[in-house]
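Trainee: Here it is, the structure, as structure tokens.
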Amino acid sequence: EESYQDFFWKLLTGHYASERALRTQLARFSFVLPPQYCIIAFQFEQVITADTEKHIQYLVNTTQKVNTIFQTVDSDKFILLGDSSTPDSSQAISSFIKSFIDNMQERFGIRVAAGGFGRSCSQLIDAQISYMEAISVINLKKRYKQELAAIFDYNLLGIYQYLETLHKQHSSQHQLPEGLRILNEYDLKHQTDLFYTLETFLTEPNEAASLLHIHSNTLSYRLRRISEISGYDLKDTNIRAYLLIEFKLARFE
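Using my numbering, read the sequence shown as starting at 6 and increasing by one per residue.
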């Protein structure tokens with residue numbers, strides 16, 4: 006068991022220099038990896054105790070959704086290497102993560118902050134990348150709880166994949182573009198809600214009216230006013246994408 010745990014942790018942290026070295030170590034164990042696999046990670050709200058680990062093992066052993074090969078605990082994180090070689094593996098792993106989080110809460114009263122998984126690998130040397138992607142999903146889900154509530158797959162993060170990199174390229178404190186700053190100041194002066202209306206529309210364009218509890222005609226009027234005040238052409242796809250990223254960067258910290 007100690008050898009097994011040691012190998013998996015070294016795999017996750019990029020200890021081995023080559024695929025050949027990894028395969029040599031893997032030969033010590035009496036199983037064969039699937040052709041495609043990924044790293045699945047959960048972050049608990051508390052450090053994982055021995056009792057919690059027993060509950061974790063029960064849920065993992067009784068589920069039929071995902072075939073897991075390696076697993077380990079690191080403080081408040083539970084990490085697995087799972088089979089992702091089936092055509093519906095993304096849906097299956099997402100379902101596994103959701104049910105695991107729900108069951109930990111409902112059966113044992115243990116809260117899991119978030120879970121996620123990285124992209125599939127065929128080379129062992131890439132497991133570290135999949136692990137970092139799984140951790141990235143968790144960190145982003147904690148920042149953007151509403152937007153990413155149903156997302157567990159790194160591949161499905163969309164623009165959120167790039168926010169950490171973009172944030173690092175900005176100054177230490179993100180500054181709103183002039184048009185959004187003007188819009189925010191207009192809201193404060195006139196007691197309107199155009200800033201939030203715009204973010205909601207950019208995030209969920211098809212559901213914005215419903216989420217804002219307004220009629221579609223009211224939404225159209227607000228969007229026209231937003232364009233007039235901010236100077237942004239909201240019919241321009243590039244402008245909409247740019248503004249969405251700016252909104253999310255503003256909330257990254």
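Even glycine gets a Cβ: it sits at the ideal position worked out from N, Cα and C.
1) So, with DSSP's three-state summary, where would you put Y226?
2) Can you say whether Y201 is buried or exposed, counting buried as having 16 or more other CB atoms within 10 angstroms of its CB?
3) Kindly give me the distance between the Cβ atoms of F47 and K82, rounded to whole angstroms, as I take these residues to be in contact under 8 Å.
4) Note down the Cα distance separating L188 from I250, rounded to an integer number of angstroms.
5) Residues in the same chain with beta-carbon distance under 8 Å from E209, minus the five sequence neighbours each way, listed in chain order, please.
6) Return yes when the Cβ of T73 is within less than 8 Å of the Cβ of L85, no when it is not.
7) Mark T205 as exposed unless 16 or more other C-beta atoms lie within 10 angstroms of its C-beta, in which case mark it buried.
8) Looking at the unbroken alpha helix (DSSP H) that takes in Q133, where does it start and where does it end?
9) For the beta strand (DSSP E) that contains Y42, what are its first and last residues?
10) If contact is defined by three or more beta carbon pairs under 8 Å, each pair taking one atom from either stretch, is the stretch 54-67 in contact with the stretch 28-46?
11) Where does L181 fall in DSSP's three states?
12) Looking at the unbroken alpha helix (DSSP H) that takes in F157, where does it start and where does it end?
13) Could you tell me the alpha carbon to alpha carbon distance between S80 and D56, rounded to whole angstroms?
14) List the residues that DSSP assigns as beta-bridge partners of D79.
15) Just confirm the distance between the C-beta atoms of L145 and L162, as a whole number of angstroms; I'd bet it's less than 8 Å.
16) V65 lies in the alpha helix (DSSP H); which residues open and close that run?
17) Quick check on DSSP: helix, strand or coil for T73?
18) With a threshold of 8 Å between beta-carbons, can A213 be considered close to chain B, or not?
19) In three-state terms, what does DSSP make of A32?
20) Is it buried or exposed for A119, if we count other Cβ within 10 angstroms and need 16 for buried?
21) Tell me whether H195 counts as near the ligand MG, meaning its Cβ is closer than 7 Å to at least one heavy atom of that ligand.
22) What do you get for V52, buried or exposed, if any count of 16 or more other CB atoms within 10 angstroms of its CB means buried?
23) For the putative contact between I44 and A139, defined by C-beta atoms under 8 Å, what is the C-beta separation to the nearest angstrom?
24) Are the CB atoms of I234 and Y167 within a distance shorter than 8 Å?
Mentor: According to the structure shown:
1) Here residue 226 refers to the residue found at position 221 when the sequence shown is read from its first residue. Looking at Y226 - three-state DSSP - the assignment turns out to be helix.
2) Numbered from 1 along the sequence shown, position 196 holds the residue referred to as residue 201. Residue burial annotation: Y201 is exposed, with fewer than 16 other C-beta atoms found within 10 angstroms of its C-beta.
3) Sequence index remark: in the sequence shown, residue 47 carries index 42 (1-based). Sequence index remark: in the sequence shown, residue 82 carries index 77 (1-based). Beta-carbon to beta-carbon, F47 and K82 are separated by about 7 Å, close enough to satisfy the 8 Å threshold.
4) The residue given as residue 188 occupies position 183 in the sequence shown. The residue given as residue 250 occupies position 245 in the sequence shown. Cα atoms of L188 and I250: separation of roughly 16 Å, rounded to the nearest angstrom.
5) Locating residue 209 in the sequence shown gives position 204, counting from the first residue. The residues are L216.
6) Reading the sequence shown from its first residue, position 80 is the one you call residue 85. Reading the sequence shown from its first residue, position 68 is the one you call residue 73. Yes, these two residues count as a Cβ contact at 8 Å.
7) The sequence position of residue 205 within the sequence shown is 200, counting from 1. Around the CB of T205, 16 or more other CB atoms lie within 10 Å, so the residue is classed as buried.
8) On the sequence shown, residue 133 is found 128 positions in, with the first residue counted as 1. Secondary structure note for Q133: its alpha helix (DSSP H) is the uninterrupted segment 132-148.
9) To locate residue 42, count along the sequence shown from 1; it is residue 37. It spans 42-49 - the beta strand (DSSP E) in which Y42 sits, taken as one unbroken run.
10) Output reads no: the stretch 54-67 does not touch the stretch 28-46.
11) As a working mapping, residue 181 is identified with position 176 in the sequence shown. In the structure shown, L181 sits in coil (DSSP, three-state: anything other than H, G, I, E or B).
12) The residue labelled residue 157 in the question sits at position 152 within the sequence shown. That residue, F157, is in no alpha helix (DSSP H); it is neither H nor E in DSSP.
13) Counting from 1 along the sequence shown, the entry for residue 80 is found at position 75. Counting from 1 along the sequence shown, the entry for residue 56 is found at position 51. Whole-angstrom Cα-Cα distance: 14 Å.
14) If you number the sequence shown from 1, residue 79 lands on position 74. For D79, DSSP records a beta bridge to K82.
15) As a working mapping, residue 145 is identified with position 140 in the sequence shown. As a working mapping, residue 162 is identified with position 157 in the sequence shown. That belief holds up - the Cβ atoms of L145 and L162 are roughly 7 Å apart, short of 8 Å.
16) Numbered from 1 along the sequence shown, position 60 holds the residue referred to as residue 65. It spans 55-67 - the alpha helix (DSSP H) in which V65 sits, taken as one unbroken run.
17) Counting from 1 along the sequence shown, the entry for residue 73 is found at position 68. Three-state result, T73: strand.
18) This model lacks chain B altogether, as it is built from one protein chain only.
19) Taking the sequence shown and counting its residues from 1, the one referred to as residue 32 is at position 27. Three-state result, A32: coil.
20) One-based indexing of the sequence shown puts residue 119 at position 114. A119 should be labelled buried.
21) This structure lacks the ligand MG, and indeed carries no ligand of any kind.
22) Taking the first residue of the sequence shown as position 1, residue 52 is located at position 47. Flag for V52 reads exposed.
23) Position 39 of the sequence shown, counted from the first residue, corresponds to residue 44. Position 134 of the sequence shown, counted from the first residue, corresponds to residue 139. Yes, they are in contact, since the Cβ atoms of I44 and A139 sit about 5 Å apart, within 8 Å.
24) Locating residue 167 in the sequence shown gives position 162, where the first residue counts as 1. Locating residue 234 in the sequence shown gives position 229, where the first residue counts as 1. Cβ atoms of Y167 and I234: not closer than 8 Å.
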